Amino acid sequence: MNRRHAQGSTRAADASMTLINEVYRTPVDPAYAEAAARQAAGRAPRRTLRGSVALLVLAVALGAFATTAAVALRRPAPAALQARTLLENEIRDRTAAADELRRTNAELSAEIARLQQSAASTDDPELFAQLQRDAVAAGVVPVTGPGVRVVLTDGAPAADAAPDDASALVLDLDLQVLVNGLWAAGAEAVAVNGERITTTTAIRSAGAAVLVDSTALSSPYTVEAVGDAVAMQTALARTSAGQHLASLSQYGITVKMSSQRSLELPGRGQLTLRSARVADGAVDGSGDGSAAGDGSDAPASSSDVAGSGRHDGEGAR
Amino acid sequence: MIALIGLVLGVVAGLVIEPTVPADLQPYLPIAVVAALDALFGGLRAYLDGIFDERVFLTSFLSNVVVAALVVFLGDQLGVGSQMTTAVIVVLGIRIFSNAASIRRHLFKA
Chain A
109 MNRRHAQGST RAADASMTLI NEVYRTPVDP AYAEAAARQA AGRAPRRTLR GSVALLVLAV
169 ALGAFATTAA VALRRPAPAA LQARTLLENE IRDRTAAADE LRRTNAELSA EIARLQQSAA
229 STDDPELFAQ LQRDAVAAGV VPVTGPGVRV VLTDGAPAAD AAPDDASALV LDLDLQVLVN
289 GLWAAGAEAV AVNGERITTT TAIRSAGAAV LVDSTALSSP YTVEAVGDAV AMQTALARTS
349 AGQHLASLSQ YGITVKMSSQ RSLELPGRGQ LTLRSARVAD GAVDGSGDGS AAGDGSDAPA
409 SSSDVAGSGR HDGEGAR
Chain B
15 MIALIGLVLG VVAGLVIEPT VPADLQPYLP IAVVAALDAL FGGLRAYLDG IFDERVFLTS
75 FLSNVVVAAL VVFLGDQLGV GSQMTTAVIV VLGIRIFSNA ASIRRHLFKA
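Protein chains in written order, with this note's numbering: chain A, 109 to 425; chain B, 15 to 124.
Encoded structure:
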């Protein structure tokens, strides 16, 4: 018992923390002390030229390595950069491809319109006129005429605003309200930044961007509407859309409205309806009956469907 | 003196040439830099203690960096890489702190 007791007392109180003590109390490499002791005892190895050169080379290498490491760590990780570049390229490629397809689409619908014109104008002028009206209403063909132009510009963010504060930005909601207001005010065709609003067009936001269909738009947003300019402006001011526009200025968004003598709105191109069919008996017999039954004359029926869809859509917008 | 000149030369060379570090070595850079810092502080303290030795400094520098990277590399292979990193950082961090405290006592006598 005594012996054990004595043995125990020789143990340091913090014996369980020797590791930490070791690290904390002897932070300097003991080799320094040994080298100094050797030096003092005169047993230090004589310095040779080769040793000095080796020392110098080692020092240069270590310095260069440490600097390289520090510089490399300050750089953004190459993997992240690579991924970013890859994505950027992909976005650019896909956008170019989409533009190309859109152009082809426009060309083809122009050709369809031309062919329809040559076919229908000779055979059935009445059907052709109907087709033209429907095509304009459906936003398939480019139109021109007088109208109003409304330009919405993002405001500068407030100085104390959070970086992700979007209150000074034009939102999809603002454009939706404006476009609705314009339809309600009697617009016959509407386009946002050159994107024709059709029966199937959606205005929505994806992150900070506003998408019209699948095209990302950015400020300034130019909304053009063909119609009676004076009447539209008056009507717009009376509706809640006008109030909404007026309230935008308090967020720093600039709203500029002007009447234009001549606006040119692009066409959306041929609409492809995959699911919608003309309901039985929904088409009056004034020449469209054969078109509805005949699949080869699809454009006539599809624009007809689109035309009626527009009126449905108006209420929903 | 040779060590100091060499280090300065190396730093300048590193800044001028800006060599790229192979991607495989990238994960071990932070730990290597911390190990280098530890060696630097140790050398500075030894210098203030009057027992500085170039050979010891450079070899401790080299072995610090290599061993730290090696330990983390082994940890990575064993699937405990992040824990190993933590362990090395803790040990080197404590040493850097206590060396810095000792240097402070030398310089400011407080």
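Backbone N, C-alpha and C define an ideal beta-carbon position, used for all residues, glycine too. Because the structure is a prediction, the values reported are computed rather than measured.
Quiz item: Asp-420(A) by DSSP, collapsed to three states: which one?
Solution: Along the first sequence, read from residue 1 onward, the residue named residue 420(A) stands at position 312. Note that Asp-420(A) scores a pLDDT of 37, beneath 50, so its modelled location is shaky; the value from the coordinates is reported in the next line. DSSP places Asp-420(A) in helix when its eight states are reduced to three.
Quiz item: Could one say the Cβ of Leu-166(A) lies closer than 8 Å to chain B's Cβ atoms, at least one of them?
Solution: The residue given as residue 166(A) occupies position 58 in the first sequence. Leu-166(A) counts as touching chain B.
Practice problem: Kindly indicate which three-state DSSP category Arg-376(A) falls into: helix, strand or coil? | Solution: On the first sequence, residue 376(A) is found 268 positions in, with the first residue counted as 1. In the structure shown, Arg-376(A) sits in coil (DSSP, three-state: anything other than H, G, I, E or B).
Quiz item: From the beta carbon of Asp-137(A), is the nearest beta carbon of chain B less than 8 Å away?
Solution: The residue you call residue 137(A) lines up with position 29 of the first sequence. True, the Cβ-Cβ gap to chain B drops below 8 Å.
Quiz item: So Leu-39(B) packs on Val-168(A), CB below 8 Å; how close in whole Å?
Solution: The residue labelled residue 39(B) in the question sits at position 25 within the second sequence. The residue labelled residue 168(A) in the question sits at position 60 within the first sequence. Taking C-beta atoms under 8 Å as the contact rule, Leu-39(B) and Val-168(A) fail to qualify, at a distance of about 19 Å.
Quiz item: Are the segment 374–385 of chain A and the segment 210–223 of chain A touching by the rule of at least three beta carbon pairs closer than 8 Å?
Solution: yes
Quiz item: What residues in the segment 78–110 of chain B bring their beta carbon closer than 7 Å to a beta carbon of chain A?
Solution: Val-105, Ile-108, Arg-109
Exercise. Tell me the start and end of each unbroken beta strand (DSSP E) in the segment 233–266 of chain A that is at least 3 residues and wholly inside, in chain order.
Key: 251–261
Exercise. Say whether chain B places a C-beta atom closer than 8 Å to the C-beta of Ser-160(A).
Key: Numbered from 1 along the first sequence, position 52 holds the residue referred to as residue 160(A). Taking Cβ atoms only, chain B reaches closer than 8 Å to Ser-160(A), which makes this a yes.
Quiz item: Taking Cβ positions, are Gly-28(B) and Ala-172(A) nearer each other than 8 Å?
Solution: In the second sequence, counting from the first residue as 1, residue 28(B) sits at position 14. In the first sequence, counting from the first residue as 1, residue 172(A) sits at position 64. Contact flag set, yes.
Quiz item: Applying the criterion that 16 or more other CB atoms from any shown protein chain within 10 Å of the CB defines a buried residue, is Asn-113(B) buried or exposed?
Solution: Numbered from its first residue, the second sequence carries residue 113(B) at position 99. With 16 or more other Cβ atoms within 10 Å, it is buried.
Self-check item: CB-CB length for Arg-385(A) against Thr-330(A), believed under 8 Å
Solution: Counted from its first residue, the first sequence places residue 385(A) at position 277. Counted from its first residue, the first sequence places residue 330(A) at position 222. Their Cβ separation, rounded to whole angstroms, is 36 Å, which puts Arg-385(A) and Thr-330(A) out of contact at 8 Å.
Quiz item: What first and last residue would you give for the alpha helix (DSSP H) that runs through Leu-43(B)?
Solution: Within the second sequence, the letter at position 29 stands for residue 43(B). Leu-43(B) -> alpha helix (DSSP H) spans 43–63.
Practice problem: Would you kindly check if the distance between the Cβ of Ile-108(B) and the Cβ of Val-131(A) is under 8 Å? | Solution: Residue numbering aside, residue 131(A) sits at position 23 when the first sequence is read from its first letter. Residue numbering aside, residue 108(B) sits at position 94 when the second sequence is read from its first letter. Against a cut-off of 8 Å, the Cβ pair of Ile-108(B) and Val-131(A) comes out as a contact.
Exercise. Could you tell me whether the segment 56–65 of chain B touches the segment 181–199 of chain A, using the rule of 3 or more Cβ pairs below 8 Å?
Key: No, the segment 56–65 of chain B is not in contact with the segment 181–199 of chain A.
Quiz item: Apart from the five residues just before and just after Val-70(B), which ones in its own chain have a Cβ nearer than 8 Å to its Cβ?
Solution: Mapped onto the second sequence, residue 70(B) falls at position 56. The answer, listed in chain order, is Ala-60.
Practice problem: Starting from the beta carbon of Gly-150(A), find every residue of chain B whose beta carbon is closer than 8 Å, and list them in chain order. | Solution: For the purposes of this step, residue 150(A) is taken as residue 42 along the first sequence, with counting starting at 1. By Cβ distance, chain B contributes nothing, its closest Cβ being about 15 Å from Gly-150(A), past 8 Å.
Practice problem: Could you tell me if Arg-119(B) is buried or exposed, where buried requires 16 or more neighbouring beta carbons within 10 angstroms of its beta carbon? | Solution: Position 105 of the second sequence, counted from the first residue, corresponds to residue 119(B). Arg-119(B) comes out exposed.
Self-check item: Cutoff 7 Å; reference Gly-393(A); Cβ partners in own chain excluding five residues on either side
Solution: In the first sequence, counting from the first residue as 1, residue 393(A) sits at position 285. Any reading at Gly-393(A) needs caution, since the residue's pLDDT is 48, under 50, leaving its predicted position unreliable; the model's value is listed next. Same-chain partners within the cutoff: there are none.
Quiz item: How many Å lie between Ile-361(A) and Pro-328(A) at the Cα?
Solution: Position 253 of the first sequence, counted from the first residue, corresponds to residue 361(A). Position 220 of the first sequence, counted from the first residue, corresponds to residue 328(A). The straight-line gap from Cα to Cα measures roughly 10 Å.
Exercise. Tell me, please, whether the segment 279–288 of chain A touches the segment 304–311 of chain A by the rule of three or more beta-carbon pairs shorter than 8 Å.
Key: As far as the Cβ criterion goes, the segment 279–288 of chain A touches the segment 304–311 of chain A, which means the pair count is three or higher.
Self-check item: Near the ligand MN: Gly-377(A) beta-carbon under 7 Å from a heavy atom
Solution: The model on display carries no ligand, and the ligand MN is accordingly not part of it.
Exercise. Could you tell me which chain A residues have their CB closer than 9 Å to the CB of Arg-118(B), listed as they occur along the chain?
Key: Reading the second sequence from its first residue, position 104 is the one you call residue 118(B). Residues of chain A passing the Cβ test: none, with the nearest at roughly 13 Å.
Quiz item: Does the distance from the C-beta atom of Gly-95(B) to that of Val-86(B) stay below 8 Å?
Solution: Within the second sequence, residue 95(B) is the residue found at index 81, counting from 1. Within the second sequence, residue 86(B) is the residue found at index 72, counting from 1. Yes.
Quiz item: Exposed or buried, which one is Asp-402(A) when buried takes at least 16 other CB atoms within 10 Å?
Solution: As a first step, residue 402(A) must be located in the first sequence, where it is residue number 294. Residue placement at Asp-402(A) is flagged as unreliable, the pLDDT there being 39, under the threshold of 50; the coordinate-derived value follows with that caveat. Asp-402(A) should be labelled exposed.
Quiz item: Can you tell me whether DSSP reads Glu-32(B) as helix, strand or coil?
Solution: As a first step, residue 32(B) must be located in the second sequence, where it is residue number 18. In the structure shown, Glu-32(B) sits in coil (DSSP, three-state: anything other than H, G, I, E or B).
Practice problem: Note down, in chain order, every chain B residue with its Cβ under 7 Å from the Cβ of Thr-176(A). | Solution: The residue you call residue 176(A) lines up with position 68 of the first sequence. Residues of chain B passing the Cβ test: Gly-28, Pro-33, Val-35.
Quiz item: Would you report the Cα separation of Ala-245(A) and Ala-297(A), rounded to the nearest angstrom?
Solution: By one-based count along the first sequence, residue 245(A) stands at place 137. By one-based count along the first sequence, residue 297(A) stands at place 189. Cα to Cα, the separation comes out at about 7 Å.
Practice problem: Starting from Leu-319(A), follow the beta strand (DSSP E) in both directions and report where the run begins and ends. | Solution: The sequence position of residue 319(A) within the first sequence is 211, counting from 1. It spans 317–320 - the beta strand (DSSP E) in which Leu-319(A) sits, taken as one unbroken run.
Self-check item: N- and C-terminal bounds of the alpha helix (DSSP H) containing Ala-314(A)
Solution: Here residue 314(A) is taken as the residue at index 206 of the first sequence, counted from 1. It is not in any alpha helix (DSSP H) - Ala-314(A) instead sits in the beta strand (DSSP E) that spans 311–314.
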